[in-house]
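The numbering used here runs 678 ahead of the 1-based position in the sequence shown. Backbone N, C-alpha and C fix where the C-beta goes; we use that ideal spot for every residue, glycine too. Please read all numbers here as calculations on a predicted model, not as lab measurements.
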Amino acid sequence: MSKKRAFLFDLDGVLVSTEHNHFLAWQRCAHSLDIPFTEKENELLKGFSRVDSLKKILELGNKSISGEKFEAFLISKNDFYLESIQDLNQGNLLPGVLDLLTQAKERGVRLGVGSSSKNANFILEKLQIREFFEVVIDGNGVSYPKPHPEVFLNGAKALGVEPANCLVFEDAESGIAAAQAGGFTAVGVGNPNIANIADIYMNDLTEFRVEQYA
Ligand code: B16
Ligand code: MG
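Written as structure tokens, this is what we have:
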């Protein structure tokens, strides 16, 4: 594989894991609508935007609600989620993250984040890793959420690097699809369900050797 000039990282599931916090917040909404919601249903939401996640929950329960109620659920879900991650700190980074970012930076690799989350900058600040990234494209910066490639294409464009010269690190099927649709090499991390679709797969980022790819 040719050496890459830039690395784009998904946030949740790759740099940190707040999926359980998302799960508990969505479960609270689903249960208030009498929709059964377990970790199994939560799997279907990973990597999708807040709006698309709520749509999927309503589909699961075969329910429809007014636009007003839909907006209210989005707000209350996010308030509950944000409250639950107040204590997030650098100790919550997933294994291998800090070493990888440090080594990549030392080798001159351009770094960016491509996340569906509208809370990405807030979370990166809490984790004290915001300064590693030249660009953060989040859920506020795209018209078409993952699995559309826009989030990663915008990231590569902002870094001035062609997708063929970028690695994308992802934990969700929707994110691997987004990366591959954009012409990136997709590194799957920490989710055995994507081991067969990712171009490269590893259990966690301690397995990643920067010098092999950049
Ligand atoms: P928010 P990622 C995604 O983050 C999460 O995987 C997904 O569960 C969540 O619904 C989505 O962000 C939106 O998050 O409600 O904070 O805007 O994996 O793309 O970094
Ligand atoms: Mg993710």
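The alpha helix (DSSP H) spanning glycine 745 covers which residue range? Membership of glycine 745 in the alpha helix (DSSP H) is indicated by the continuous run 745-762.
Identified DSSP bridge partners for methionine 664: The first residue shown for the chain is 679 and the last is 892, placing residue 664 beyond what the model contains.
Since alanine 834 and proline 841 should fall inside the 8 Å C-beta cutoff, what is the C-beta to C-beta distance between them, to a whole number of angstroms? Going by Cβ atoms, the distance from alanine 834 to proline 841 rounds to 5 Å, so yes, they are a contact pair.
Is leucine 771 near asparagine 797, with beta carbons less than 8 Å apart? For the 8 Å CB-CB criterion, leucine 771 and asparagine 797 do not form a contact.
Aspartate 877 Cβ short of 7 Å to ligand 1 heavy atom set: Taken from the Cβ of aspartate 877, every heavy atom of ligand 1 lies 7 Å or farther away.
If you draw a straight line from the alpha carbon of glutamine 768 to that of leucine 689, how long is it in whole angstroms? Each residue's Cα considered, the two are about 14 Å apart.
Apart from the five residues just before and just after valine 787, which ones in its own chain have a Cβ nearer than 6 Å to its Cβ? Taking C-beta separations shorter than 6 Å and ignoring five residues to either side along the sequence, the partners of valine 787 in its chain run Phe685 and Ala892, following chain order.
Using C-beta distances below 7 Å, list every residue in its chain close to glutamate 828, excluding the 5 sequence neighbours before and after it, in chain order. Closer than 7 Å at Cβ, skipping near neighbours: Val820, Ser821 and Tyr822.
Flag this pair as touching only if the region 747-760 and the region 697-705 have three or more C-beta atom pairs under 8 Å; answer yes or no. The region 747-760 vs the region 697-705: in contact.
Helix, strand or coil, according to DSSP, for phenylalanine 726 in the structure here? Note: phenylalanine 726 maps to coil in three-state DSSP.
Rounded to a whole number of angstroms, what is the C-alpha to C-alpha distance between glutamate 809 and glutamate 803? Their Cα atoms are separated by approximately 9 Å.
Expressed to the nearest angstrom, what Euclidean distance is found between the alpha-carbon atoms of glycine 861 and valine 775? Across the structure, glycine 861 and valine 775 are spaced so that their CA atoms are roughly 24 Å apart.
According to DSSP, what are the bridge partners of leucine 802? DSSP lists no partner for leucine 802.
Residue environment, glycine 838, which counts as buried when at least 16 other CB atoms sit within 10 Å: Result: exposed.
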